[in-house]
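Below you'll find the structure, written out as structure tokens, and then a few comments.
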Amino acid sequence: MQSETSTALELRYLHAGEERRVVVDHTNFLIGRAPDCALTLSDDSVSRRHARILRSPAGWTIEDLDSKNGLRINGVRTPQQPLRDGDRVDVGGVRLLARVQRGGRTTAARVVFEPERSPHPHTEVIDLARLDSLLLPAHPGGEPQPAIAPEQPVDAGANVKLFSDAAEALITCDSLDETLERILDLVFDNLPAERGVICLYDEASDETSPQVMRTREGAANEPIRISSQIAGDVIRRKRALLVNDPLHDERFGGAESIILMHIRSAMCAPLYRDGRVAGFVYLDRQSGHQPFDRAHLHTLSALAVISAVAVEQASLRDRLRDEEAMRTRLARYSSPAVVERIVGDAAGSGAMAAEEADVTVLFADLAGFTSLAETLDPSATLHILNQVLEQLTQAIFEFEGTLDKFHGDGVMAFFGAPLPADDHAPRAVAAAIRMQELLTAFNTGAHGPPLQMRIGINSGTAIVGDVGAPQRRDYTVIGDVVNTASRLQSSVALPEEIVIGQETWLRVQETFTCEALEPTRLKGKRRLVEPYRVICARDGTR
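Rendered as structure tokens:
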């Protein structure tokens, strides 16, 4: 498919029980309760100016405008996030569905499922379980190969080359999007369809998600309506269906789409593989001549079986690419062991999404580095700094912390995300003690004035996840807990000291011996802060 640089965005939502749609038609699209917003939502849970949608060459992004009840994307609270097709956007208590319409011959599928009606006794059906075993036996290498058995009800002479070419073309597609595009190309090249849509099905959630659709002329402009009875029957009973003259079919006759769009013939075949249905291909015709026949249904069914293999492989390739991209990104922040645990988690795909989390934040800064740098040339200064920061990073990773960033001759880290941990505060303090030990050891073997380090630590709730612009996003933590930790390091801690906030102390007092310091007013804080200096672990280690 084309990149999202050429996309249109439509938002759908329910108002008084009716579906409403709005096209995002400018680059700064305001959503809120105020009447001057581009999308006005009359709901008390929505702030006057709740959120806005921005467009850039990279696509669409939605950001929260410091609203009272926040912004959630697919159930996860976030200050800012790119919008993708099918995203569920909760603006306060109002749910929007984002539909990203892509350019090209196909568009993002818009499907309305009609209410179920009684089954029609004269509908043609093909059992895909039998066709799957006949059409796609595996060769010794495990790859599916098209084959036509004598008892198969497909015209082998006319179609064996088609199926062979289709299998080769589909299996070589690089992505799921490309695969779905190619499936519709094959369908329209070999069947007299006038409209077509592909939906994918997730067995675990029992949810059907429309993906792509097109017409004989190219991209489709109007939603395609499909009978819920047909879609459900195709998925549950794993069989392909053909209905001619649906205007008089009991399950179609009252459907608004059939009456208004004059649909005369329809077929639907599941993407079936090894007992599982990954989705379905739906086709229909509005012309009265050349209705679909049983041979067409055979062809579509066989193509659907081959396509199911391609969809399965393309989905796997996409997951592997996403997993590798996540692994590469996470390696910048976490130890290899933590990276593998995140990637191996079934919910790991959302590990980078911005959300609220209970964390402990650590700031460390080298106190004597400036004077040392004055005595060395720049390359030697950089070499020493890299050595020190490498050891400090090892200490953070040792206690499963996340490296946020290096800032000058200091480091920022946090504990408790992306993998939640009840003991993130003790881990952070233990890491700080280890960092001081490593710096002491470094000074023993170094030439020149010894380096000293101040460390500030604080615990609490913060926003953790990908934050930034679409062109550049970093996995970071933001919130008051971060500012307090930074101030404790810069304004309270002395060289070689570890100073923690009161919330951290409440969580580590049984593990570490700490000394209360004088309450102090930190920059930007109205109330006095009660800091504590870490003396040692209660087992005697420092």
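With the numbering used here applied, the sequence shown corresponds to residues 34 to 575, in that order. Beta carbons are placed, not taken as given, at the ideal position from N, Cα and C, and that holds for glycine. Treat the numbers as computed from the prediction; the structure is a model and nothing was measured.
Cβ neighbour criterion (16 or more within 10 Å) applied to residue i
i    : result
T517 : buried
R540 : buried
V338 : buried
H48  : exposed
D97  : buried
R85  : buried
L219 : buried
R559 : exposed
H59  : exposed
R354 : exposed
R487 : buried
A379 : With a pLDDT of only 45 at A379, under 50, the local geometry of the prediction cannot be trusted, and the value read off the model is given with reservation. Counting Cβ neighbours within 10 Å, A379 comes out exposed, since fewer than 16 surround it.
Q35  : Low local confidence applies: a pLDDT of 38 at Q35 is under 50, so the model's placement there is unreliable, and no value is given.
Q323 : exposed
N491 : buried
T408 : exposed
Q420 : exposed
R309 : exposed
H83  : buried
E530 : buried
D266 : buried
Beta-carbon contacts of residue i that lie in its chain and below 6 Å, excluding the five residues immediately before and after
i    : result
K101 : S80
W538 : C547, Y565
P152 : Residue confidence for P152 is low, a pLDDT of 47 falling below 50, so the modelled location carries little weight and cannot support an answer.
G174 : For G174, the predicted structure reports a pLDDT of 42, less than 50, and the residue's modelled location is therefore unreliable. A value from the coordinates is still provided. Nothing meets the Cβ criterion.
E563 : Q535, P552
E289 : Reliability fails at E289, whose pLDDT of 45 lies under 50, so the model's placement of it is uncertain and the value that follows must be treated cautiously. No residues qualify anywhere along the chain.
Heavy atom of the ligand SAH within 6 Å of residue i beta-carbon
i   : result
I64 : Judged by which ligands are present, the structure shown has none, so any question about the ligand SAH falls away.
Own chain residues within Cβ distance below 7 Å of residue i, not counting five before or after
i    : result
R460 : F432, E433, G434, F448, A454
T212 : L203, C206, A343, V344, A347
L233 : S242, Q244, A311, G312
I568 : T546, C547, E548
I511 : A495, I496, V500
T544 : P459, A570, R571
F325 : L275, N277, S298, M300, R318
A526 : R487, I488, G489, V532
L195 : N223
CB contact flag (residue i, residue j, <7 Å)
i    : j    : result
L130 : R258 : no
L399 : L484 : yes
S334 : L304 : no
R318 : E227 : yes
I429 : L418 : no
Q522 : G489 : yes
S78  : G108 : no
G26  : R247 : This structure cannot speak to residue 26, because the chain is shown only from 34 to 575.
L42  : V133 : yes
I106 : Q113 : no
L72  : V56  : no
G441 : A397 : no
Boundaries (first-last residue) of the beta strand (DSSP E) holding residue i
i    : result
Q323 : That residue, Q323, is in no beta strand (DSSP E); it is neither H nor E in DSSP.
V104 : In the sequence on display, residue 104 carries Leu and not Val. Counting along the chain, the beta strand (DSSP E) containing L104 begins and ends at 104-106.
R54  : 51-57
L87  : 84-89
T403 : No beta strand (DSSP E) contains T403, which is instead part of the alpha helix (DSSP H) from 402-406.
S298 : 298-306
C232 : 228-235
V122 : 121-124
R247 : 240-248
G65  : 61-65
E529 : From DSSP, E529 is part of no beta strand (DSSP E); its letter is neither H nor E.
K438 : 435-440
R309 : 309-318
V394 : 388-399
Limits of the alpha helix (DSSP H) - the one that residue i falls within
i    : result
H457 : 457-478
R540 : 535-541
H416 : 411-431
A518 : 513-520
L209 : 209-223
D266 : 261-270
Sequence-distant residues of its chain with Cβ nearer than 8 Å to residue i (five each side left out)
i    : result
R128 : Y46, L47, R121, V122
A264 : F146, C232, T241, C301, F313, Y315
F475 : Q420, V421, Q424, L484
Could you say if the region 451-458 and the region 399-419 meet the contact criterion of at least three C-beta pairs nearer than 8 Å?
no
Is there contact between the region 319-333 and the region 201-219, where contact requires at least three CB pairs shorter than 8 Å?
no
Closer than 8 Å is the cut-off here; do at least three beta carbon pairs connect the region 349-356 with the region 456-465?
no
Is there contact between the region 517-533 and the region 549-558, where contact requires at least three CB pairs shorter than 8 Å?
yes
Does the count of Cβ pairs from the region 114-122 and the region 391-398 closer than 8 Å reach three?
no
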